[in-house]
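Residue numbers (our numbering), protein chains in the order written: chain A, 6 to 654; chain B, 15 to 356; chain C, 76 to 360. Below is one structure, written out as structure tokens; comments come after it.
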Amino acid sequence: MKKHTLTRRDFLKQAAAITAASALPPQLLALHGNKLLAAQAEEVAPGVPRNQCLILENPSGTVLPADDFNRWRSGYSGVWVCGLQQLALDALWYIDPDAGVDGVWDNALAAEPPIYNDDFTQMTVKLREGLYWSDGVEFSGDDLYFTVDLLKNTPGMGNQGLFERSVDHMEQPDRYTVVFYLKAPNSRFHAAFTVRWGALYIMPKHIWEQVEDPVAYTFNPPVSLGAYTLRDFDPNGQWYLWERREDWQRTSLARLGEVSVKYAMYIDPGPSDKRVLSQLAHELDVIHDITPEGRITLARESPTSVGWFPSFPWAHPDPTLPAVIYNNEKPGLDKREVRWALTLAIDIAQVALASYRGAATISAIHVPPTGMYPQFYHQPLEPWLNDFTIKVGGEDYKPYDPAAAQRIADLARPSLGDLVPTDPDIIRQYIGAGWWKYDLQAAEQLMLDAGMQKVDGKWALPDGSPFTVPLMSMNPESNPTMNRAAAMIVENWTAFGIDTSLDSQANPWPIMSAGEYTANLAWTIETWGGHPDLFFFLQYWHSRLYVPSGENAAGSNSMRWRNPELDRIIEAIEQISFDDPQGVELGLEFCRLAAQEMPITPLMAYNVFTTMDTTYFEGYPSIDDPYTDPVPNWGNTKYMFVKIKPKEA
Amino acid sequence: MGMALMRKFIFRYLIPRIIQYLTIIFVGITVTFIIPRLAPTDPVEAQVSTMVAMGSSLDPESIEAMRTALTDLYGLSGSPVEQYFTFWGRLFRGDLGPSLDNFPTPVSSMIGQALPYTLRLLIPAVIISFIFGNVFGAMSSYYPENKALKVIEVLGQVVRSIPYYIVAIVLLVVFAYFIPIFPFSGAYPLGTRPDWSSPEFILKTIEHAVLPAATLILIGFGGWFVGMKSLTSNIISEDYVVYAETAGLRKNTILTQYIMRTAILPQLTALAMVIGTVFSGALIMEVVFGYPGIGGLAIRAIYSNDYSMIMGITIYSIIGVATAVFVMDLLYPLFDPRVRYQ
Amino acid sequence: MISIVRDLLKYDGRFRLAVIFLGGVAAMILLSYNSPYDPGKSFVVPWDLPPSQQYIFGTTSRGQDLFWWLTFAVRNSLFLGVLTAIISRVIAILVGLTAGYRGGWLDRVLMSLNDTFVVLPLLPILILLGFLLRERMSLFYLAVILGLFGWPFDARLIRSQVLSLKERSFTRTAIYSGSSGFWITIHEHLPFVLPIVFATTINNILWSIGMEVTLSILGLSDLTTPTLGTALFWANQHGALVAGIWWWIAAPALVTIVLFLGLYLFFTSINEFIDPRTRLRLIGG
């Protein structure tokens, strides 16, 4: 189909055309940046002026039931992220996915980091003094002790299994100290108490000790330990209005600065297009996520909208690694050569264009290219990747393509023009470094090496039976990029002769966990972001936790990968403490092993087009001031509230 | 009605229809019990894996413990047959069980909250489009040469052929964004709590319902129009219409008393059945307009494999539609004296 | 036959319009067999170009020529609609006529079955079936499922029409003159039922195409097959509305309107022609 490939001239023509095309309707949209009827009043709610109220998207949408604030029950509810875990609850420690206000690690309710004994069977927690619940009761070790004790002894509560199995008993040597005596050595016990998106939040003992049935209790109104309390909410779950506490200085956040935003409202803003229109009308200050095209429209038409990067690719890269996940137990996919062949049959540049219009941050290795990780892993591994070889047809073959990100930038430039950076260092920072070659010849040879055969132009298993690889993709309402990437990979694989199809699912997670898939575009690798420790996902990947397809996986090893070398690395990580410098060494070993075995094909960071409007407020986090992650459902976004300031008081 | 006739009505007409009515509900509910259970995943896993995917750090054993706990809590530990009988037992007590996605909130309370919003919107919208569609449809076959009616006919068909989604989004963008005369989202303003005793609030909800209702009315109109037109096209040349015209009756009288009255029957049956479209029609509209109704509830339940919610909504719908059709069946002879109770 | 068409073309403006519209759709369908582009391929033309002489419907954000892509979409959607309509028409006519004419226990059994199908909420069931079938949910399966669900409305309509017809004089006359039930059903009732069948056929095609659109917008159909629904799905996935790529939404809408209006005008025109009473008015003036 040579006649249809794009020439440079076409690209130039297109650059002109898209400017002309997009100059029409979006500009009309922008011209009409008038107020929407719903908010023509200057007040968001009775007594709540618009310029004092930060309006944020709750990406879980409408929360039902709206009045159930029990964050500790098993299972997930949209109420967690209606402001509850961001503004009202607090935890012992926070790890920032980015740089942090005052370093990546924050001792929030705790006065200092966890103190383990030598064999990791005791963890001592020292708490801050002078912190108060919103009803005036002082926070103390009693609350921590009570929370863990209640969860441990109440089936149906989250983390019940963890505490039941790992906590032998607790002691309270004084009012602000709790010591956990563990049943077995555990160097990562504090992870359960450390917020990275969410974690164990502490309950007010004086409220919960009166509750007879903690599983059924709705904790309404929630008593807050954060800087805000609930002022009002919608019984239909479409909005939650939070008000700054009079005594916000008596919360853990006050150490880091002044909390200046008086009100915050988390709303269900509807589908992506409506979110864009709402921000154009300045009625939605923080968008969680939108389509890349919606983001481009805001970049062009809404001068007050800002993102993580000042320009292309705008989005905040979450410390999450979308990947093509192979079910390592399916015939064909159980062979390393086949998984490698499928990897080399993917054109990452086309995938980046189709999914993010090029605004992707790619990664060749099995950790997300976000936060501090490029310094920890990607840059140190670059020389190794350049020399890395796999066997193709018995010969050494170098699969790494160091110029992949450059290629994406070049392809994106014609449609986005000056928005795309040209400086190679900036491209490296924004789009990533290299990826694996798009080499169908090598892929073909690898298939033949694995004994696969081509029947009527389609690949078949060595015994001649069909080799079908339907690709499941995640297609939540909030963001289409993963589904778009999957559709492109289906196209790439079809061109390579793979019998494949797109199986798009709004909620693929239970299917993944049950192993009822062949290949799948989602993620099984998430990290702390700011901290190099890989135990966050590797804890599930040891072969002792392996569960075959058909049964639910124990955590994220939904690809069913088993490897003795992997076991050795995980065991070594378990032996060392969280901050041991050896951790990075072991992490690098993991990356090299995963590159050789290719149990899943890493693609890119999960880029979230969080977009913030500076009409009423300023001081949002960005790559230039990366004090936290702006993605508004993260518990860590509480740190935004000491940095964001209203423009007019 | 004499005694004998009454008895004949009860035994020959009413009782068989009641049996039929109950059978329909029984079969319908059984089918909806089975289908969600055929889905490849279970609701417990949907909850657990969502938490893992959301980035909660849970160690592997506590995930397993959570699975066991949720399975027990949800009452899913027994065999499907046991669950089926438990389910009927509960249903007879009027208990639809707890929502699995929003444990332990009862399904009935969540439906009870959402349903009024959908009904308040859907019922007026369906009735308005029914009246307009039928009146114009009948007029169009009675006055076949009328130019204005021809234009209305074509416009009605054009709008009807456009997918719901586009009609909704176009109305939204035009009348809530470019020309912001109607609200952009929801059933009432953000920051306002529903207060059905306040006339001001009720006015607000009406204002919020205009565009969603307009979507349903515009699309529904064409269907009623065509239905009525095809039904009346036979009647306009019937003898009694011709006699009436010869006898010099007024045209309006002929149209309403002679033509529409006869043709309205099948349309009324269709009206009863339209209640079932609560799902398909309202679902997309509710997503576009951010309306807090039953459609949104249904789609969430399906994504999270919330069996009890899916079944709850389905049961409401089945009973609603079956009852409407049943009542219409009983009323049928009242509208058409030519059909006797048989 | 030819003379009928000639008469219709001569006397009925709607028929002429229908021929133009359906001719356009037919031309698109024929062109799809000769498309220069594989609809499954992306980035074959510059993306985001508005309609022009070269790309009459513009190009998509996925680098596809929208006109050629829609030739496949309209072909697939029409295939779905027609297959659904055929399956459900056959069932509806059989059930409606039998129940209406025979009455008694058979009527009650058929109507119970009919009403059970009416009360089952289709969309949740379709979505659940979509989950079950997953990537196997092809257009063909969808048509069969819709066909199996799409008849009860019309069966009931046909039955009630037959019920009123039965009470009329000519049915009685036919019975007194010794005609068999089957003969009466076919010769006396079917002509009166056919207008309803025709009217409901386009309804059914439209309903089926619309159902596919709804499922596609929710992401639950076979998304890699071009249809009028998946056109909107992909336009949505690329934020076409706010990105200003309005033609990606307008073109499938336009094609849908032309297809549907063509069918509608065609069937109403034919319907009136079949009916001897209205035919007189049509050509006799």
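A virtual CB, placed ideally from N, CA and C, is assigned to each residue, including glycine.
Quiz item: Name the residues in the stretch 289 to 305 of chain C whose C-beta lies less than 7 Å from a C-beta of chain A; which are they?
Solution: G294, L298, T299
Quiz item: Can you round the beta-carbon distance between A/N191 and A/W566 to whole angstroms, since I take them to be within the 8 Å contact cut?
Solution: Contact doesn't hold; Cβ gap of about 24 Å is too wide.
Exercise. Classify B/F99 as buried or exposed, calling it buried when 16 or more other Cβ atoms lie within 10 Å of its own Cβ.
Key: exposed
Quiz item: Name the chain C residues that come within less than 7 Å of B/M287, Cβ to Cβ?
Solution: V193, F228
Quiz item: Going by other Cβ atoms of all chains shown within 10 Å of its Cβ, with 16 needed for buried, is B/I183 buried or exposed?
Solution: buried
Practice problem: List the DSSP bridge partners of A/H321. | Solution: A/V613
Quiz item: Given that a residue counts as buried once 16 or more other Cβ atoms are within 10 Å of its Cβ, and exposed if not, what is A/G398?
Solution: exposed
Quiz prompt | Contacts of C/R231 in chain B (Cβ-Cβ under 9 Å) | solution = P280, T283, A284, M287, V339
Exercise. Please go through the same chain and pick out, in chain order, the residues whose beta-carbon is closer than 8 Å to the beta-carbon of A/R225, but skip the five residues on each side of it.
Key: Before going further, note that residue 225 of chain A is Asn rather than Arg in the sequence given. The answer, listed in chain order, is D72, D73, F74.
Practice problem: Please determine, among C/I280, C/A315, C/W323, C/G337, the residue with the shortest C-alpha to C-alpha distance to C/I161. | Solution: C/I280
Practice problem: Anything in chain A within Cβ reach of B/P118, meaning under 8 Å, just list it in chain order. | Solution: V220, A221
Quiz item: For chain C, is any of its Cβ atoms less than 8 Å away from the one on B/P208?
Solution: no
Quiz prompt | Alpha-carbon spacing of A/Q45 relative to A/D630, whole angstroms | solution = Because A/Q45 carries a pLDDT of 46, less than 50, the predicted location of this residue cannot be relied on, and no value is offered for it.
Exercise. Just tell me which of B/A139, B/A83, B/F196, B/I332 has its CA closest to the CA of B/D233.
Key: The amino acid occupying residue 233 of chain B in the given sequence is Ile; Asp does not appear at that position. It is B/A139 whose Cα lies nearest to the Cα of B/I233.
Self-check item: When C/I168, C/D182, C/I345, C/S163 are compared against C/S283, the one with the closest alpha-carbon
Solution: C/S163
Self-check item: Unbroken stretches of the beta strand (DSSP E), 3 residues or longer, contained in the stretch 408 to 467 of chain A
Solution: 458 to 460, 463 to 465
Quiz item: Can you find a C-beta in chain C that's less than 8 Å from the C-beta of B/S113?
Solution: no
Quiz prompt | Spatial distance of A/H9 from A/A410 (CA atoms) | solution = Below a pLDDT of 50, predicted positions are generally treated as unreliable, and A/H9, at 42, falls in that range; no measurement from the model is reported.
Quiz item: Among the residues of its own chain, which have a CB less than 7 Å from the CB of A/R412, if the five just before and after it don't count?
Solution: A354
Self-check item: Rounded Cβ spacing between A/G299 and A/S277 (contact assumed at less than 8 Å)
Solution: 5 Å
Self-check item: Span separating the alpha-carbon of A/H211 from that of A/P227
Solution: 12 Å
Self-check item: B/L279 versus B/I193 - alpha carbon distance
Solution: 41 Å
Quiz item: By the criterion of Cβ-Cβ separation under 9 Å, what are the contact partners of C/L307 in chain B?
Solution: P177, Y179, I180
Quiz item: Would you say A/C663 and A/H371 are within 8 Å of each other, going by their C-beta atoms?
Solution: Outside the displayed range of chain A (6 to 654) lies residue 663 of chain A, so it cannot be described from this structure.
Quiz item: If you draw a straight line from the C-alpha of A/E579 to the C-alpha of A/R193, how long is it?
Solution: 8 Å
Practice problem: Using a cut-off of 7 Å between C-beta atoms, extract the partners of A/S509 located in chain C. | Solution: G294, L298
Quiz item: Are the Cβ atoms of A/P327 and A/M487 separated by less than 8 Å?
Solution: yes
Quiz item: With DSSP run on the structure shown, which of helix, strand or coil describes B/E221?
Solution: helix
Quiz prompt | Counterpart residues of A/T182 in DSSP-defined beta bridges | solution = A/K131, A/D179
Practice problem: Pick helix, strand or coil for B/I77, following the three-state DSSP scheme. | Solution: helix
Quiz prompt | chain D within 8 Å of A/N332, Cβ atoms only | solution = Among the protein chains in the structure shown, which are A, B and C, there is no chain D.
Self-check item: Proximity below 8 Å, CB of A/W528 to CB of A/Y611
Solution: yes
Practice problem: Locate the alpha helix (DSSP H) running through C/D182, then write down its first and last residues. | Solution: 179 to 194
Quiz item: Going along the chain, which residues of its own chain have a beta-carbon closer than 7 Å to the beta-carbon of B/A228, five neighbours each way excluded?
Solution: L185
Exercise. Use the C-beta contact count for B/S322: other C-beta atoms within 10 angstroms, 16 or more gives buried, fewer gives exposed.
Key: buried
Quiz item: Thinking C-alpha only, which one of A/I292, A/P373, A/R250 is nearest A/D538?
Solution: A/P373
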